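My numbering runs 2 ahead of the 1-based position in the sequence shown. No residue lacks a Cβ here, since even glycine has one placed at the ideal position from N, Cα and C. All of these numbers come straight from a predicted model, not from anything done at the bench. The structure under discussion appears below in the form of structure tokens.
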Amino acid sequence: MPPSEKQQIAQGFNRAARQYDEHAVLQRTICERLLSRLDYLKLSPERVIDLGSGTGEAARTIARRFRKCHILQMDLSPEMIRAARKKRPRFFSPHHYLLADMERLPFADSTIDLAFSSLTLQWSRDPDQVFSEIQRVLKSDGLFLFSTLGPDTLKELRTSWAEADSRPHVNTFLDMHDLGDGLVRAGLEDVVMDVEIITMKYPDCFQLLRDLKVVGANSLLTGRASGLMGKGVMKRMMDAYESYREAGFLPATYEVVYGHARKPLHPRTQTEVTISVDSLRRSLKK
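Pasting the structure below:
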């Protein structure tokens, strides 16, 4: 991803940091459901990284669960890091805060027991690079636990924009199978994936767009940088969105992908067998 795009994403979350916890209902719900999976995963981590830690909600929950672990909160947004510092727990695990990019993790090889990431992967255009970095920093048998968004996310908004003009206005997202393949390519194993559909309901389209902006997720909307959007285009989109109205509300679909994978206990090895041409010919003559 170009530095300018990463900067745009960071700026969106910088603006949202102060009011994020007040409005991030969906994000908090997904994070809580992801954290609940720790109940049945065998784990006693000493070092944990929270990728895209935001205001630190997940890190604080992890600290309460694993009181002796060392938690490294990492985010691309300086204001999110600042907000997390203000909410730092006094009596739990030590916390450190890092302004860093998940595509270039600032950790040594094989030093992390748990890599946690809730609704962060969708901000990367190169998930294979992210998975490779996570595999690199995890210890043997270390766990990667994550949630992200799948291709049906905001499908109503995407379709409505398509009826208004020809430009893309909503990001595209990888499906569960592509993500799973990427994890395997990176050298992770025991990959488990599943999908949940969550539908948010809004009185009008303005409220949906406002919610995306107020939590910093308006970077999910693309095609806005080439100039001011005409009122006619916006009206056509909103008129098209009205076709989805049911019982007085407009739906906004989120396809949530949950997954986890482990780093192998032992490095993968390829067995090399050498067969001479003469021996192969003899075997064929038999």
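Express the C-alpha separation of residue j and residue i in angstroms, rounding to a whole number.
i, j, result
"L40", "M240", "41 Å"
"L53", "S38", "18 Å"
"F68", "P47", "7 Å"
"Y243", "T161", "8 Å"
"R169", "V235", "11 Å"
"K237", "M104", "38 Å"
"D213", "R20", "14 Å"
"D130", "L100", "22 Å"
"W163", "R35", "31 Å"
"S245", "I199", "20 Å"
"A249", "P269", "55 Å"
"G76", "S55", "In the sequence as displayed, the identity of residue 76 is Met instead of Gly. Going from the Cα of M76 to the Cα of S55 covers about 6 Å."
"Q9", "W125", "12 Å"
Could you tell me the boundaries of the alpha helix (DSSP H) in which residue i lies?
i, result
"A166", "157-166"
"E34", "27-37"
"L211", "207-216"
"M178", "178-187"
"R17", "5-18"
"M82", "80-88"
"T57", "Careful: T57 lies outside any alpha helix (DSSP H) and carries neither H nor E."
At which residues does the beta strand (DSSP E) containing residue i begin and terminate?
i, result
"L252", "252-264"
"S149", "140-151"
"Y243", "It is not in any beta strand (DSSP E) - Y243 instead sits in the alpha helix (DSSP H) that spans 233-243."
"D115", "114-120"
"M202", "191-204"
"R49", "49-53"
"L100", "97-101"
"Q75", "72-77"
Go through its chain and collect everything with a Cβ distance to residue i's Cβ below 7 Å, but skip five positions before and after it.
i, result
"F146", "A117, I136, L140, L190, H262, A263"
"V217", "A18, Y22, H25, A26, Q29"
"A60", "C33, L37, D52, F118, S120"
"P80", "N16, L101"
"K157", "T255"
"L45", "L116, L145"
Measure the CB-CB distance between residue i and residue j and report whether it falls below 9 Å.
i, j, result
"P91", "H98", "no"
"A102", "L123", "no"
"K265", "S142", "yes"
"V258", "M195", "no"
"I83", "V50", "no"
"F251", "K203", "yes"
"G152", "L176", "yes"
"T150", "L181", "yes"
Ordered along the chain, which non-local residues of its own chain (more than five positions away) have a Cβ less than 8 Å from that of residue i?
i, result
"T201", "P253, A254, T255, Y256"
"T57", "A19, Y22, D23, M82, A85, A86, K89"
Given residue i, which residues of its chain have a CB within under 6 Å of its CB, disregarding the five upstream and five downstream residues?
i, result
"F133", "G184, L185, A188"
"R226", "Its pLDDT being 48, under 50, R226 is placed unreliably in this model, and the value from its coordinates should be taken loosely. So the list is empty, once near-sequence residues are dropped."
"R138", "D111"
"L159", "V172"
Checklist line | Sufficient close CB pairs (3 or more, under 8 Å) joining the region 205-219 to the region 182-193 | finding: When Cβ pairs closer than 8 Å are counted between the two stretches, the region 205-219 is seen not to touch the region 182-193, the count staying below three.
Check: When the Cβ atoms of the region 77-91 are set against those of the region 107-114, are three or more pairs found closer than 8 Å?
Finding: Cβ pair count under 8 Å is below three, so no.
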